[in-house]
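Sequential numbering of the sequence shown, starting at 640, is according to my numbering. Just so you know, even glycine gets a beta-carbon here, dropped at the ideal spot from N, CA and C.
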Amino acid sequence: MAKYTNVVRFKVIAGKQQEFESAFSKAEKWDGQLLQILARTGEQSYVGYGLWESEEKMTSAMPLMIGLLDSARHLLEEMSPELGVTDPVSGTVVFEKEM
Numbered sequence: 640m641a642k643y644t645n646v647v648r649f650k651v652i653a654g655k656q657q658e659f660e661s662a663f664s665k666a667e668k669w670d671g672q673l674l675q676i677l678a679r680t681g682e683q684s685y686v687g688y689g690l691w692e693s694e695e696k697m698t699s700a701m702p703l704m705i706g707l708l709d710s711a712r713h714l715l716e717e718m719s720p721e722l723g724v725t726d727p728v729s730g731t732v733v734f735e736k737e738m
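Below, the structure is given as C-alpha cells:
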C-alpha cells in the first residue's frame, strides 16, 4: 500500500503566531500518521505537512485534523474567498529517499 501525504498552507493573524504554533504542537499522533511538520514560511505564513501509511489512514483521521483546525481557526486569516483559511492538497507518495 502506498504512503500518502497532505500539505496545508495557513496564514496566521498578526501577533497570533505563538498561539497558533502552540495549538499545533499539542496535536497527538493519529493512527497511521508517520510524520507531522509545521514550518513557518514567512512572518505570518505556515505550511503543515503530514505523512501517512496510506490514503485510508489519512481519510480516517480527517475528523481529528478538522478538530485541530477548528481549535485554531480563530487564529487564521482568510487566504481568499475561494479557499477560506486553508489551502490543502494531498496525494500518493511517488518517491521517498531517506538521506
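- Only residues of its own chain outside the window of five on either side were considered, and among them Ser693 have a CB closer than 6 Å to the CB of Met640, listed in chain order.
- DSSP places Ala711 outside any beta strand (DSSP E); the residue lies instead in the alpha helix (DSSP H), whose first and last residues are 694–711.
- Met704 is not a Cβ neighbour of Lys650, given a cutoff of 8 Å.
- Taking the C-beta atoms as reference points, Trp691 is found no nearer than 8 Å to Gly723.
- Under the three-state reduction of DSSP output, Gln683 falls in the coil class, being neither helix nor strand.
- The region 654–669 and the region 697–714 touch, with three or more beta-carbon pairs separated by less than 8 Å.
- DSSP places Phe649 within a strand segment (E or B) once states are collapsed to three.
- Here Thr698 is exposed. Its C-beta has fewer than 16 other C-beta atoms within 10 Å.
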